[in-house]
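Going by this note's numbering, the letters in the sequence shown line up with residues 2 to 261, in that order.
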Amino acid sequence: MNRTGLVIALGLALVVGVLFGIFPELDLKLAALFYDAAQKTFPLKLDALAAFARDAAMWIAWALVLPAIVTIVVKFIRPDRPMLMSGRAAVFLLTTMLLSAGVLTNFTFKSYWGRPRPVVVTQFGGDLQFVPWWDPRGACPRNCSFFSGEGATAFWTYAPAALTPPAWRPLAFAAATVFGVTTSGLRMAFGGHFFTDVAIAGLVSFLVVWLFYALIYRWAATRLTDAQVDAALTRLAMPGYRLMQRWRGARPAEPGQHQA
Numbered sequence: 002m003n004r005t006g007l008v009i010a011l012g013l014a015l016v017v018g019v020l021f022g023i024f025p026e027l028d029l030k031l032a033a034l035f036y037d038a039a040q041k042t043f044p045l046k047l048d049a050l051a052a053f054a055r056d057a058a059m060w061i062a063w064a065l066v067l068p069a070i071v072t073i074v075v076k077f078i079r080p081d082r083p084m085l086m087s088g089r090a091a092v093f094l095l096t097t098m099l100l101s102a103g104v105l106t107n108f109t110f111k112s113y114w115g116r117p118r119p120v121v122v123t124q125f126g127g128d129l130q131f132v133p134w135w136d137p138r139g140a141c142p143r144n145c146s147f148f149s150g151e152g153a154t155a156f157w158t159y160a161p162a163a164l165t166p167p168a169w170r171p172l173a174f175a176a177a178t179v180f181g182v183t184t185s186g187l188r189m190a191f192g193g194h195f196f197t198d199v200a201i202a203g204l205v206s207f208l209v210v211w212l213f214y215a216l217i218y219r220w221a222a223t224r225l226t227d228a229q230v231d232a233a234l235t236r237l238a239m240p241g242y243r244l245m246q247r248w249r250g251a252r253p254a255e256p257g258q259h260q261a
């Protein structure tokens with residue numbers, strides 16, 4: 002999560018964006034590698050093992066963020082108790098996952114950027130017109146191709162990789178890259194996404210992770226401590242906790258005091 006990584010990501014974004022903007026047919030040529038013209042289908046989408054691998058990739062990603070979800074939920078239930086894991090790590094993991102794999106994909110671009118998926122364009126037996134990555138005017142009505150939610154989720158694993166010990170971090174980033182590329186390759190092989198859909202998904206996830214790592218861990222003006230995160234969540238959750246305790250007829254504990 003250093004400046005070198007940022008420069009590389011921005012450079013790749015520029016190359017991919019310009020190259021596939023000028024030559025959008027490259028997306029079609031790459032998608033055609035997975036298409037069987039004789040059977041008029043993307044054969045791998047019918048393969049049970051490949052489908053399981055696709056599902057397993059999402060299970061793995063969400064399993065990595067699950068401890069953060071549990072930690073924050075438990076904190077809101079019992080704000081008088083310390084957090085189960087590092088407060089910064091919990092907020093970092095959950096925020097980056099929600100943004101990269103949720104808000105920016107499913108609730109923003111995929112809902113308003115009408116690019117049809119490969120499987121439904123005329124070049125691969127569908128009835129919709131292909132459009133390049135930069136054109137939001139495609140005929141897809143909803144859950145569209147740009148950009149890949151599953152690709153963004155897979156590449157989100159850069160977030161837990163960023164929290165590994167420094168000695169293991171290069172290996173963790175390499176594993177996250179392989180995981181993201183493999184998952185994205187499956188989405189292309191199923192006819193679910195073009196190359197630019199998954200490439201930009203990976204770059205967006207990396208940039209989200211890079212920015213929030215800098216905000217929470219690196220930049221002095223915004224850097225947080227675990228104690229600050231714990232205290233902020235305690236203040237946020239305590240009114241609801243006190244209300245619930247009054248409703249149950251019990252006296253709420255003050256922050257830092259544990260009830261028996």
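Positions of the beta carbon are idealized from the N, C-alpha and C atoms, including for glycine.
>> Just to confirm the assignment: which complete alpha helix (DSSP H) runs, minimum length 4, are found wholly within the region 181-232?
In response: Complete alpha helix (DSSP H) runs here, min 4: 196-214.
>> Assuming A173 and T184 are in contact, meaning their beta carbons sit under 8 Å apart, how far apart are those beta carbons, in whole angstroms?
In response: Locating residue 173 in the sequence shown gives position 172, where the first residue counts as 1. Locating residue 184 in the sequence shown gives position 183, where the first residue counts as 1. Rounded to the nearest angstrom, the Cβ distance from A173 to T184 is 16 Å, too far for a contact under 8 Å.
>> Quick check: what's the CA-CA separation for F201 versus V8?
In response: For the purposes of this step, residue 201 is identified with residue 200 of the sequence shown, where counting begins at 1. For the purposes of this step, residue 8 is identified with residue 7 of the sequence shown, where counting begins at 1. In the sequence under discussion, the amino acid at residue 201 is Ile, which differs from the Phe named in the question. The alpha-carbon atoms of I201 and V8 are separated by roughly 15 Å.
> Count the other CB atoms within 10 Å of the CB of E151; is the residue buried (16 or more) or exposed (fewer)?
Replying inline: Counted from its first residue, the sequence shown places residue 151 at position 150. It is buried - the Cβ of E151 has at least 16 other Cβ atoms within 10 Å.
> Shortest alpha-carbon distance to L187 belongs to which of W220, D28, L50 and I23?
Replying inline: Numbered from its first residue, the sequence shown carries residue 187 at position 186. Selected option, being the one with the closest Cα: L50.
>> Cutting at 8 Å between CB atoms, please list the residues of its own chain near Q130, excluding the five before and the five after it.
In response: Position 129 of the sequence shown, counting from 1, holds the residue named residue 130. The beta carbon of Q130 sits closer than 8 Å to the beta carbons of P117, V122, T123, G139 and A140 from its chain, once the five residues preceding and following it are set aside; these are given in chain order.
>> For V74, list the residues DSSP reports as bridge partners.
In response: For the purposes of this step, residue 74 is taken as residue 73 along the sequence shown, with counting starting at 1. None; V74 has no bridge partner.
> Hey, out of G115, A221, P142 and R143, whose CA is closest to W135's CA?
Replying inline: As a working mapping, residue 135 is identified with position 134 in the sequence shown. Of the listed residues, the one whose Cα sits closest to W135 is G115.
> How many angstroms separate the CA atom of T42 from the CA atom of F35?
Replying inline: Taking the sequence shown and counting its residues from 1, one reaches residue 42 at position 41. Taking the sequence shown and counting its residues from 1, one reaches residue 35 at position 34. Rounded to the nearest whole angstrom, the CA to CA distance from T42 to F35 is 9 Å.
>> Using 8 Å as the cut-off, can you tell me whether the region 223-235 makes contact with the region 149-163, which would need three or more C-beta pairs spanning the two stretches below that distance?
In response: No contact exists between the region 223-235 and the region 149-163.
>> Which residues does DSSP list as the beta-bridge partners of D37?
In response: Counting from 1 along the sequence shown, the entry for residue 37 is found at position 36. Looking at the DSSP assignment, D37 forms a beta bridge with T42.
> Tell me, which residues are paired with V19 by DSSP?
Replying inline: Mapped onto the sequence shown, residue 19 falls at position 18. Answer is none; V19 lacks a bridge partner.
>> Tell me which residue opens and which closes the alpha helix (DSSP H) that M98 is part of.
In response: The sequence position of residue 98 within the sequence shown is 97, counting from 1. DSSP places M98 in the uninterrupted alpha helix (DSSP H) bounded by G88 to L99.
>> Measuring only the C-alpha atoms, how far is L94 from A69?
In response: Looking up residue 94 in the sequence shown gives position 93. Looking up residue 69 in the sequence shown gives position 68. Taking the straight line from one Cα to the other gives about 7 Å.
>> Give me the residue from L15, D48, V19 and V210 with the minimum Cα distance to G192.
In response: As a first step, residue 192 is located in the sequence shown; it is residue number 191 there, counting from the start. Of L15, D48, V19 and V210, the residue nearest in Cα terms is D48.
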